[in-house]
Structures are given as C-alpha cells and as structure tokens.
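J.: Residue numbers (our numbering), protein chains in the order written: chain U, 35 to 282; chain H, 35 to 282.
Virtual Cβ for every residue (Gly too), placed ideally from N, Cα, C.
What you are looking at is a predicted structure, and each value in this text was computed from that prediction instead of being measured.
Just dropping this structure here.
Number of protein chains: 2
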Amino acid sequence: MSKSSPRAEIAYQALRQAIIEQALLPGAKLPEDQIGAHFGMSRTLARATLARLQAEGLVDARPKRTATVAQPTLEEARDIFEVRKALEREAVALTIKRWRPEYGAALEGHVREENAAKARRDDRVSIRLAGEFHIKLAAMSGNKVLQRALAELVSRCSLILALYGRPHSSECAVNEHSQIIAALRKKDIAGATRLMEEHVGSVERRALLADAPSADLDLDAVLSRYARTIEASNAAISLPVGRRKRSS
Amino acid sequence: MSKSSPRAEIAYQALRQAIIEQALLPGAKLPEDQIGAHFGMSRTLARATLARLQAEGLVDARPKRTATVAQPTLEEARDIFEVRKALEREAVALTIKRWRPEYGAALEGHVREENAAKARRDDRVSIRLAGEFHIKLAAMSGNKVLQRALAELVSRCSLILALYGRPHSSECAVNEHSQIIAALRKKDIAGATRLMEEHVGSVERRALLADAPSADLDLDAVLSRYARTIEASNAAISLPVGRRKRSS
DNA sequence: CCGCCGATTATTGTATACGAGAATATGGCA
DNA sequence: TGCCATATTCTCGTATACAATAATCGGCGG
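Right under this line is the structure:
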C-alpha cells in the first residue's frame, strides 16, 4: 500500500524532509503533476504520497484544490505542543526505566552533530537534527507507537516554527539537550521530565511569538513572509522547475 | 484528497465502524475489488480508503497482498495502551481545567446510553459506546489534536480486544465511567487521573489475557477463533457477499 | 485607468486498462 | 493415496484517459 513503490517512498521521504527543513515553506503549492514528473511516476502515486503527508498533518489538501504545505493555525499549533509535551514526558519516563549506558553515548554523539551543524551555520540540518534528538530519545523508550506519534508531532513543530517563528531561529538550544541527557544518566525521572518540559516549553515560546488570542497581530508578519515563501518554493528543492514539463 | 467523494467517505466510515464493532474481525480480508463494488466506486477509491485505514492502524497491508483487518501483536498492543494512558491523563487534566456543568450532563447522558445498550445485550453498540465515552471526554479538552490521536488509539484498542480478549467482554465496566464523571465534577484532577488510569488499566488487563512474553500460549485461542473469523467475515456487514460481483 | 466577465489553461476526480505477482486448483508421478 | 509441478484465476501496482472544476489571462465597458 505505501512502501511498495521505491519511487513513491523516495518522493515521500524527499517531500517530508524538504518540508521539515523548511526548504518548502508553509503554503507552497504541491501539484500532483509536478510531483509525479519530478520523481518519475504517475499522478496516481503522487496522489498517494500527498495523501500520506496529509494524514500526518504536513500537507493541507482541500477537494479540487492544489495541495499545499500545511499552515497550522495558531490554535492548532498550541494543541500540537500540548500533546507533544505529554508524549515527551512519557518518552522520558519509559526511557529511564530501561536505560542502558550506550544510550547516553548515542545521544551525546547526536548532540555533537547538532553542534557541528550549528557551528557551520547550516540551518537546515540544524533544524532537522534538533527534531531527531527527540525522535531518538523516543526510540529508546522501546515503544514504537509512541515513537511514531512523537515523530509526527515533532515534524509538525518544524512547520509551526517556519510559520510563526522568526526566520532562522534553529529550534533548540543544544545545551538543553545535554542537560536532559545528564538527568537521564542519573535516572532522575522527575528532573528529566521537568527539563524536557521546560525545553519543549521554550521551543514553543520561540515558535509562537504571538500571544494574543487572535492571529490578526501576526498577519503582517505572515504576509511579509509570503514573498519569501513564493520565491523559495521555486528555488528550494527544485520541485517547481520553471514552467511545468507537460506530459512529455 | 480524502473527504472529496461522498462514496469514499461512506466506505471509510462503514469499514471503520465495522472493524470497531468487531463485525469484521482481525485478519478478515479486504480485497479492493469487493470494497469498490460494494460501495459503487472503482478500485482507485477503494484503495485510497484502505490506505487511510492503514494509516490509522486499523488495516494491515503488505505489498502485493490483499489488505486485512489489522492484527496487532501483543507487543504493539501493550504499546498502544501505554500511549493511550498518557493521552487519557492529558485529556482529563485539560478537561477539568475548562470544566463546564453541561459537560457532566452530556457524559451522564452517554453513560445512560451505554447502560441501555448493555441491558439489551447489544454487544456491538456497547463496545462502540464504551470507546466513544473516551472520545467525548477528549473532545471536552478543547484540544483537537489530542482528540484525534486518542480516537485513533481507542479504535485500535477495540481491535486488540477482538484479537486477545475473551469473546464478548464489552470493553468497560460502565460504572467506572460514572466514577470518573464524579471526579471530574469535583475538579479533582488527581482523583480523576487515578481513576482513569485504573480504568484503562483494567480494560487493558481484560484485553491482554496473556501475560507471557511470547504469544505462543494464546496461539490456540487465536486459531480457534479463526473459524469464527472466516465465517463472520461473510455474515458481518455483508461486505463479502457470497461470491464477488464481478465488474457488473 | 480600473474592475468585471468570458475564453483558455492548469489541475484535480475517477474510471479503466494492462501487466505482474500471489493464491489456488489440477493433474501426473511416486 | 499423497505430494509436487504447473496451469488457472485472483488481486494488486501503476499508468493513462477523459470529464469537471478552478485558476488565470485578456478584452470590454465604465
């Protein structure tokens, strides 16, 4: 159904990563034709790929309209962070319960990568790695369902950051990750949970600049970002290449 | 993408409900042709519908093989309950924070329905209502993302019950629901959380009869249930009607 | 010069076609 | 009689076709 075709799978991964790394910004159009043409497959598969991304909340698709990279509302954004926090707590607790020394090393290796990316000002990779830290931790919980759910939420957080955050604030202060690792090592559930909560909270604060209940205030910010969105959606992952390529 | 076609939407709802109510048992085959024929649509739409159900974990689909109603492993089952508990806690906490008196009445009305269904020995409806209690509560949290995630998990729990539980144990002791309502009314977060936790725990215990790490022990039980599965998948929701209907 | 309306083009919705791979039945052989 | 090889049938994987609707552009009237 989903993993069958290598091309469809590649398209899925590519689009997913492009969205997460903010190479395709929220609102960017994703016409079935072009996606199919780009990945050398028919609209049938392009459509299935988009449907999958839609199910994960990364793509908006209203009937009869071209699919776009999702633009979560402020309210939705808050909801996502709330659920994410609940699952991160669970992930921390479960991971500590089955803690093994290798885990610490693995996570620290990851943090080193994060620092490297940050040092070389590679924002795209930075953003992705910041998210993946949380996924790796969730994986250590041993609970696949939890891992999957959290992965979905974390991706959507990248999207939220792209929409409402300031331009290039990479998601996490890396040293917060280090502190969490330290607490995990001590098997300090309460401490690790608290740190994680604060950490995600601070990401949320950075992401949701606006505090007003209405989204009007940041309409300006959003609109001014739009010019960038449109141009970026062309450069970006080279998806919309100039004009479209006809059916060849 | 998904809600476009009324037929596809109907098929989705029907299949979903049939699975949840255990009219279609785990392992039952779901050939694209038959589904399409039954709902008067082409395989294209049938396929999309199945993909959707697969994304929610209600359907298993390996490439080149006919899709079936999902058969979660014991391990997966435990994972699902674990995540569910985490989200139920969150739902309780959030709901209490924005509690309104109507909520109590609404939930009590629901419990009355549950009792009615139980009184008339309507197992199917009983099972469905038991799950919907939790969804309604999640809806009151005001967090759509949470509600959706929990709905998915609760559905999958019905599946687990069908696979591993004893034949007709309807999911919940209804009075546990009433106790939870009482705690909510008192805005007693700790108490309500504890009750919810115990409640889901008891559902889990009822669902996962086997405690052994290996699933060998209940292989017999599963196999003996299979005869029923096959015959039931024919009677059931009248999906596989005798032979298939050709392309008309 | 600006804004509304119709023609043109871009894109989606859905069915169908055809090839390929499983599943199942059939017949020969031990 | 029981088992394996092979033919047959059932399904899936994917592309393509065609109709229908939305977006876009150009001309007309104000």
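Let's test the definition: count the other Cβ atoms within 10 Å of the Cβ of P60(H) and tell me whether it reaches 16, buried, or not, exposed.
T.: Buried.
J.: Using the C-alpha atoms, what's the distance from G176(H) back to L128(H)?
T.: Approximately 8 Å, taken between the alpha carbons.
J.: Is the Cβ of V188(H) closer than 9 Å to any Cβ of chain U?
T.: Not an interface residue.
J.: Return yes when the Cβ of A185(U) is within less than 9 Å of the Cβ of A172(U), no when it is not.
T.: In this structure, A185(U) lies closer than 9 Å to A172(U) by Cβ.
J.: State the Cα-Cα distance for the pair M75(U) and L79(H), rounded to the nearest angstrom.
T.: Rounded to whole angstroms, M75(U) to L79(H) spans 19 Å at the Cα level.
J.: Restricting to Cα atoms, I'd like to know which of E116(U), L108(U), A125(U) is closest to A226(U).
T.: Answer by Cα proximity: A125(U).
J.: I need the boundaries of the beta strand (DSSP E) containing T100(U), first residue and last residue.
T.: Careful: T100(U) lies outside any beta strand (DSSP E) and carries neither H nor E.
J.: Excluding sequence positions up to five away, which residues of its chain have a Cβ less than 7 Å from the Cβ of D245(U)?
T.: Per-residue confidence for D245(U) stands at a pLDDT of 43, beneath the threshold of 50, marking its modelled position as unreliable; the derived number appears in the next sentence. So the list is empty, once near-sequence residues are dropped.
J.: List, in order along the chain, the chain H residues whose C-beta lies closer than 9 Å to that of L180(U)?
T.: Those within 9 Å of L180(U) in chain H are D113, E116, V117, A120.
J.: Which two residues bound the contiguous alpha helix (DSSP H) that contains T107(H)?
T.: From DSSP, T107(H) is part of no alpha helix (DSSP H); its letter is neither H nor E.
J.: If the cut is a Cβ gap below 7 Å, which residues of chain U does E136(H) touch?
T.: Those do not exist, as E136(H) stays about 21 Å from chain U at its closest Cβ, beyond 7 Å.
J.: Is I128(H) close to chain U? Criterion is C-beta to C-beta, closer than 9 Å.
T.: Per the sequence presented here, residue 128(H) reads as Leu, with Ile not at that position. Yes, L128(H) counts as interfacial toward chain U.
J.: If you compare alpha carbons, which of R77(U), A120(U), I223(U) is closest to T100(U)?
T.: Residue R77(U) is the option with its Cα nearest to T100(U).
J.: Would you identify the three-state DSSP class for K63(H), choosing helix, strand or coil?
T.: Note: K63(H) maps to strand in three-state DSSP.
J.: Please list the partners that R86(H) has in chain U, where partner means a Cβ-to-Cβ separation under 8 Å.
T.: Within chain U, the residues near R86(H) are A85, A89.
J.: So, L193(U) versus A104(U), is the Cβ gap smaller than 9 Å?
T.: Cβ distance < 9 Å, so L193(U) and A104(U) count as in contact.
J.: Contact defined as beta carbons within less than 8 Å: I believe Q88(H) pairs with A82(H). What is the distance between those atoms, to the nearest angstrom?
T.: Contact flag wrong, Cβ pair sits at about 11 Å.
J.: Please list the terminal residues of the continuous alpha helix (DSSP H) segment that includes M174(U).
T.: Element bounds for M174(U): 157–174.
J.: Less than 9 Å between the beta carbons of A164(H) and G199(H), yes or no?
T.: Contact: no.
J.: Alpha carbon to alpha carbon, what distance is there between R112(H) and K131(U)?
T.: The straight-line gap from Cα to Cα measures roughly 16 Å.
J.: If you run the structure through DSSP and keep just helix, strand and coil, what is D5(U)?
T.: The structure shown does not extend to residue 5(U), since chain U is modelled only from 35 through 282, so no value can be given for it.
J.: Only counting the same chain, and skipping five residues up and downstream in sequence, which positions put a Cβ closer than 6 Å to that of R223(U)?
T.: Checking the sequence shown, residue 223(U) turns out to be Ile, not Arg. So the qualifying residues of the chain are A127, I130.
J.: Would E110(U) pass as an interface residue toward chain H - the criterion being a Cβ-Cβ separation below 9 Å?
T.: Yes, because at least one Cβ of chain H sits closer than 9 Å to the Cβ of E110(U).
J.: What residue range is occupied by the uninterrupted alpha helix (DSSP H) comprising S212(U)?
T.: Counting along the chain, the alpha helix (DSSP H) containing S212(U) begins and ends at 208–219.
J.: Tell me, please, whether the CB atom of T102(H) is closer than 9 Å to any CB atom in chain U?
T.: It does not: the Cβ of T102(H) has no partner Cβ on chain U nearer than 9 Å.
J.: Is the CB of E124(H) under 9 Å away from at least one CB in chain U?
T.: Output row for E124(H): interface = yes.
J.: Pairing CB atoms from the region 148–157 of chain H with CB atoms from the region 155–162 of chain U, are three or more of them under 8 Å?
T.: Because the criterion of three Cβ pairs below 8 Å is not met, the region 148–157 of chain H and the region 155–162 of chain U do not touch.
J.: Within its chain, find whatever has a CB closer than 8 Å to the CB of A283(H); leave out the 5 residues flanking it on each side and keep chain order.
T.: Absent from the model: residue 283(H). The displayed extent of chain H is 35 to 282, so no value can be given.
J.: Could one say the Cβ of A82(U) lies closer than 9 Å to chain H's Cβ atoms, at least one of them?
T.: True, the Cβ-Cβ gap to chain H drops below 9 Å.
J.: Between which two residues does the alpha helix (DSSP H) carrying S236(U) extend?
T.: Segment 223–241, the alpha helix (DSSP H) holding S236(U).
J.: Can you find the residues in the same chain that come closer than 8 Å, C-beta to C-beta, to R118(U), ignoring five residues on each side of it along the sequence?
T.: Counting only Cβ-Cβ distances below 8 Å, and skipping sequence neighbours, we find L184, L187, V188, C191, V234.
J.: When burial is assigned at 16 or more other CB atoms within 10 Å of the CB, is R134(U) buried or exposed?
T.: Classification of R134(U): exposed, given that the 10 Å Cβ count is below 16.
J.: Can you check whether the C-beta of T78(U) is within less than 9 Å of a C-beta belonging to chain H?
T.: T78(U) counts as touching chain H.
J.: Using CA coordinates, which residue listed in L108(H), P106(H), A42(H) is at the minimum distance from L84(H)?
T.: Nearest option by C-alpha distance: A42(H).
J.: Could you check whether T107(U) and V93(U) sit closer than 9 Å to each other, using their CB atoms as the reference points?
T.: Result no, Cβ atoms of V93(U) and T107(U) do not sit closer than 9 Å.
J.: Between A226(U) and chain H, is there a C-beta pair that is closer than 9 Å?
T.: A226(U) does not count as touching chain H.
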